[in-house]
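Single-structure report; data block below.
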Amino acid sequence: MIRYIINRLLSIVFTFFFISILVFILMHAIPGGPFDPVDMPLSDSAKAKILKQYGLDQPLYVQYFKYMWGVLQFDFGIPYQSPGETVLELIGRAWVPSLILGGSGVLIGAPIGIALGLIAAIKRNSIIDYITSAISTLGLTVPVFVISMLLILLFSVWLEWLPASGWGEPKKWILPITAYAAIPMATYARYTRSAILDTLNKPFVTVLRAKGLSERKILFRHVIKNSAIPLVTVFLPMFIGTATGSIFVEAMFRVPGLGAYFVSSIENKDYPLEMSLLLMITVMFCFAYFIADLIYALLNPRIRLGDKKKQ
Amino acid sequence: MNKVLELKNVSKIYSETKNITNFLSKNEDNFVAVDNVSFSLESKKVLGLVGESGSGKSTCALMAMKLLDITEGEIFVNNNNITNLNLQELKKYRKEMQIVFQDSYSSLDPMMTISKIIIEPFIIHKLHSTNERNEIAIDLLEKVGLNKTYTNRYPHELSGGERQRVSIARALALKPSILVADEPTSALDVCVKAQVINLLQDLQDEMGLSILFISHELNVLRSLADNITVMYRGRVVEEAPTEQIFANPIHPYTKSLLDAIPKLDPSLRKRRTFIDDNYIQSNIPIFNLNDVKFVSKDHSDIGFVEVDNNHFVEAKVT
Amino acid sequence: MENQYKIRSPFFYAVMRLISNRAALVSGVLLFLIVLMAIFAPLITTTSYEEQKFLMNSLAFPSQAHWFGIDDLGRDLFSRIIYGARVSLTIGFAAAVCSVFIGLPLGALSGFYGGKVDWIIMRIIEVFSVVPPLIAALLLAALVDGGFFSIIFIAGIFGWVQVCLLVRAQVMAFKEKEFIRSSLALGASPMYVIFVHLIPNSISPIIVGFVQAIPLAMMLEAGLSFLGVGIQPPLPSWGQMINLGINFMFFYWHMALFPTLALAITVLVTTLFGDGLRDALDPTLKGKS
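Chains as they are written, first to last, in the numbering used here: chain U, 1159 to 1469; chain C, 22 to 339; chain G, -3 to 285.
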């Protein structure tokens, strides 16, 4: 177990540095620099001065090591777009709306999805089952901005019930949260349904039935417990996944969150911000998968981590 | 006697040193699947290799065919050492020896028709023209008791016995002199089992095959094998001509195998006693140094001794 | 006597299973229709996608003459959507081909050889699994400057992982099988085994991986075009049209609705068809139902 954890942590460190190098190279390979505005070009001397100020005149590898040295001390630099604050402050500020919307989306969507999946599994081949599978396929396949667009057209444009965009009053949160909730709901509905059906077909359930246990008790005492494991493990990665989802949802609903910075940092060659965002997302995903695997191992007595035949 | 296939002091050890932490701590989990095994197959004879599942007999078969890496030891085919040959050099020995496996379903590529499966050896060795290949395929099918209506069928449309016949036909396509049969009958029902064994016997007479026949049941080998080698936990524990094994088993494990054969006479039936590892470990035969001599020995006092003409057993000598 | 026995290849059973799956069948037919419309776009549309023929009626609502209305620049929206299908499907298809070209050999090698080869390929895949494809695609799109072929390339780079994993799993499951060992015992080289046995036996995961890569590539293209770094105007792309539609949706809903529906339906039917295909091929071609 400890050996497995050490292995995984080493692998995360490896991935982290590999991606940091890759992103750094890609970032600088994109033609143009952060201080080449198209409309009013800077004079050569002014540009040289500003490049020097940000250390952009140094060789790339020096820039890389300097930046990574800072990162290791939690100094992510200063964004060129808004030099008045540090990258950490900017992310901390912009993340609040994204976290509120995305977080509540997951927290609302997941239980609804689980409930739908559960009902669909119990009443297999009923109308509820078909509706659930239709909803979950829709949520899983159609891009989130399409869902957002359909929500806006339906509830803001035609029914005029809810505002389509903005941030501030809770009424404006409803639609973006619904859009965010679509993916977790669809994922959970599908996972739950197949996990429960899987368990219901196991021999031990037949044994329980033979023992004369009521269907209700079988379901709540045995089946759900045995089906819960895959459900727990997808939660964290999905939570982090809302960060990418924010790019579209926030663009659709004009929410001033983190999403827009992903695009603008690349467009404006805002190197420190770009690098920080990508590294943070990567590390969070790494740890989300890692923790998910650990939880899986803890919940499942049959899995011994470190076994070769894991995959 | 002319030895066509010989395993000399062969061992297979599975070790896990793959991941980083293991590598750093030098801590290896070794599993010894086959431990210093030697036996040989004589020309035009049938050698029965018997043992419980997990005793390393199939591992021996795979190593003899060079389908598995050999940790230690050497393998000889017609007195040529093939242990360290590369794939290219090995190719000409491949024609000499072939193998038939237990699972007839997974022995045949599910995407290929029967005729394609049977002519595969010719494709690999670039032998014969397309027409000749098809003719030979039909010949082979008839030889194993099938006919040409089978050529365009797929493996899943055949029964287990029929599939095993196809496997045998493919194995014999290159006219090998050695056939390794790795429990070819274990998955078949009794009647089909007898048919397949008869087929192998007929083919042996007809083609002058030397067969290494692996099984976990001694009674299957009684009519078929000339010699029997008994394996237990990765080691050879007894080796003798077939009659000797049945008449005078010495090692406790061999005795327990004989005991497991169902008796025909009801009056001889008794409650089966299952012998466990502890019993076997503590009942290793003991001989006096004056009566027998070591053929080989690896621990201080345990080794392989010849107790009778061509009858060898692992024993303790005091 | 001879021809009495009907020869049924494993594929026959797969096709039967696919036909009996209603959702897959319906989406297959719809997908086929969309593909036909895309191929014969010039025959079913009256104007090309960039002809500003109806400037006088800009932003007109749907009518008999213009089924989906007219856009802000006086172009027939129906034409633009049909030509958009061409772009979307071509990119989906081409990217799926790329995915198979990268994923198939890597998956086969990593599954067959295991050990170091597998370790390296798995680490690469790990990198791909922790970087959100969209963000990486944004970065790449900025690097190679949008455009048709760049998008195919980018989608291929992210699509191969799934194909590779599917093929790897299949190869790993099959390489221990006796028919592979028999072939090696006959003297076959590893390359022979991979090409003659392992890849044909991986045909179902390859098909599944291929079909599932199509909607992912279409979604990536739409997403990038939506954010303005994908397909560049005047080439029509549904993602691009949806983004434009946001500005008009309150007054000219058709600008937003039709491209959204087109994308939603196409992605949905492609995915459903892919899922149906997977279910049909999944019983590992044993010819049993």
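Idealized CB from N, CA, C, for every residue including glycine.
Beta carbon proximity, residue i to chain G, threshold 8 Å
i, result
"Val1304 of chain U", "yes"
"Ile1286 of chain U", "no"
"Glu204 of chain C", "no"
"Asn43 of chain C", "Only weak support is given to the placement of Asn43 of chain C: the predicted model assigns it a pLDDT of 47, under 50, and the value that follows is read from those uncertain coordinates. Chain G, which has no Cβ nearer than 8 Å to the Cβ of Asn43 of chain C, makes this no."
"Arg1166 of chain U", "no"
"Pro1430 of chain U", "no"
"Lys47 of chain C", "At Lys47 of chain C, the pLDDT of 47 sits below 50, so the modelled position is not reliable and the matter cannot be decided from this model."
"Asp124 of chain C", "yes"
"Ser127 of chain C", "yes"
"Glu141 of chain C", "yes"
"Phe1362 of chain U", "no"
"Lys1467 of chain U", "Only weak support exists for where Lys1467 of chain U lies, its pLDDT of 40 falling under 50; the coordinates are left without a value."
Residue-level contact to chain C via CB, residue i, 8 Å cutoff
i, result
"Glu174 of chain G", "yes"
"Ser185 of chain G", "yes"
"Pro201 of chain G", "no"
"Pro129 of chain G", "no"
"Asn197 of chain G", "yes"
Backbone CA spacing between residue i and residue j [nearest angstrom]
i, j, result
"Ile138 of chain C", "Ile189 of chain C", "11 Å"
"Glu122 of chain G", "Gly110 of chain G", "16 Å"
"Thr86 of chain G", "Gly80 of chain G", "10 Å"
"Phe44 of chain C", "Asn1165 of chain U", "Its pLDDT being 47, under 50, Phe44 of chain C is placed unreliably in this model, and the value from its coordinates should be taken loosely. The alpha-carbon atoms of Phe44 of chain C and Asn1165 of chain U are separated by roughly 11 Å."
"Leu1209 of chain U", "Asp1215 of chain U", "6 Å"
"Ala1204 of chain U", "Gln1221 of chain U", "20 Å"
"Val83 of chain G", "Thr267 of chain G", "18 Å"
"Gly181 of chain C", "Ser125 of chain C", "6 Å"
"Val96 of chain G", "Val204 of chain G", "10 Å"
"Leu130 of chain G", "Pro1395 of chain U", "15 Å"
"Leu1358 of chain U", "Leu1366 of chain U", "11 Å"
Start-to-end residues for the alpha helix (DSSP H) that takes in residue i
i, result
"Gly103 of chain G", "Leu73 to Tyr109"
"Gln119 of chain C", "Per DSSP, Gln119 of chain C belongs to no alpha helix (DSSP H); it is in the beta strand (DSSP E), Met118 to Val121."
"Val167 of chain G", "Phe144 to Lys171"
"Arg342 of chain C", "The question about residue 342 of chain C has no answer, for chain C in this structure spans 22 to 339."
"Val1304 of chain U", "Val1302 to Leu1309"
Contact with chain U by residue i, beta-carbon distance below 8 Å
i, result
"Glu217 of chain G", "no"
"Ala151 of chain G", "no"
"Thr286 of chain G", "Since the first residue shown for chain G is -3 and the last is 285, residue 286 of chain G is missing from the structure and cannot be characterised."
"Val204 of chain G", "no"
"Leu220 of chain G", "no"
"Pro38 of chain G", "no"
Contact set between residue i and chain G, taken where Cβ atoms lie within less than 7 Å
i, result
"Leu88 of chain C", "Arg177, Leu180 and Ala181"
"Met1159 of chain U", "Neighbours of Met1159 of chain U on chain G: none; closest Cβ ~21 Å, over 7 Å."
"Leu1436 of chain U", "Ile131"
"Ile1177 of chain U", "Val123 and Val127"
"Tyr1402 of chain U", "Residue 1402 of chain U is actually Thr in this sequence, not Tyr. Residues of chain G passing the Cβ test: Pro128, Leu130 and Ile131."
Heavy atom of the ligand ZN within 7 Å of residue i beta-carbon
i, result
"Lys1360 of chain U", "With respect to small molecules bound, the structure shown includes none, and the ligand ZN cannot be examined in it."
Contact set between residue i and chain C, taken where Cβ atoms lie within less than 9 Å
i, result
"Tyr188 of chain G", "Ile144 and Ile145"
"Asn17 of chain G", "Neighbours of Asn17 of chain G on chain C: none; closest Cβ ~22 Å, over 9 Å."
Per-residue contacts from residue i into chain C (C-beta, under 7 Å)
i, result
"His193 of chain G", "Asp130"
Residue interval of the beta strand (DSSP E) (run including residue i)
i, result
"Pro1414 of chain U", "It is not in any beta strand (DSSP E) - Pro1414 of chain U carries neither H nor E in the DSSP assignment."
"Met1159 of chain U", "Careful: Met1159 of chain U lies outside any beta strand (DSSP E) and carries neither H nor E."
"Phe325 of chain C", "Ile323 to Asp329"
"Ala248 of chain C", "Looking at the sequence provided, one finds Asn at residue 248 of chain C rather than Ala. Asn248 of chain C -> beta strand (DSSP E) spans Asn248 to Tyr253."
"Glu95 of chain C", "Glu93 to Val98"
Where residue i meets chain U, residues with beta-carbon distance less than 9 Å
i, result
"Met245 of chain G", "Met1307, Ile1310, Leu1311, Ser1314, Val1315 and Ala1322"
"Val263 of chain G", "Thr1299, Val1300, Pro1301 and Val1304"
Chain-ordered chain U contacts of residue i [CB-CB under 7 Å]
i, result
"Ala169 of chain G", "Residues of chain U passing the Cβ test: none, with the nearest at roughly 11 Å."
"Leu253 of chain G", "Leu1311"
"Ala260 of chain G", "Val1300 and Val1304"
Chain-ordered chain G contacts of residue i [CB-CB under 9 Å]
i, result
"Thr1350 of chain U", "Simply none; closest approach about 18 Å."
message = Which residues of the stretch 179 to 197 of chain C have a Cβ closer than 8 Å to any Cβ of chain G? Give them in chain order.
response = Ser188, Arg191, Ala192 and Leu195
task = Quick one: which residues of the stretch 108 to 120 of chain C get their C-beta closer than 9 Å to a C-beta of chain G? List them in chain order.
result = Leu108, Gln109, Leu111, Lys112, Lys113, Tyr114, Arg115, Lys116, Met118, Gln119 and Ile120
request  = Check each residue of the stretch 75 to 99 of chain G: if its Cβ is closer than 8 Å to any Cβ of chain U, include it; give the result in chain order.
outcome  = none
key: Interface positions of the stretch 1410 to 1427 of chain U facing chain G (Cβ-Cβ less than 8 Å), listed along the chain   = Met1410, Phe1420, Val1421, Ile1424 and Glu1425
query = In the stretch 158 to 169 of chain C, which residues sit with their C-beta less than 9 Å from some C-beta in chain G, listed in chain order?
reply = Lys169
inquiry  = Taking beta-carbon pairs under 7 Å, can you tell me which members of the stretch 19 to 34 of chain G lie near chain U?
reply    = none
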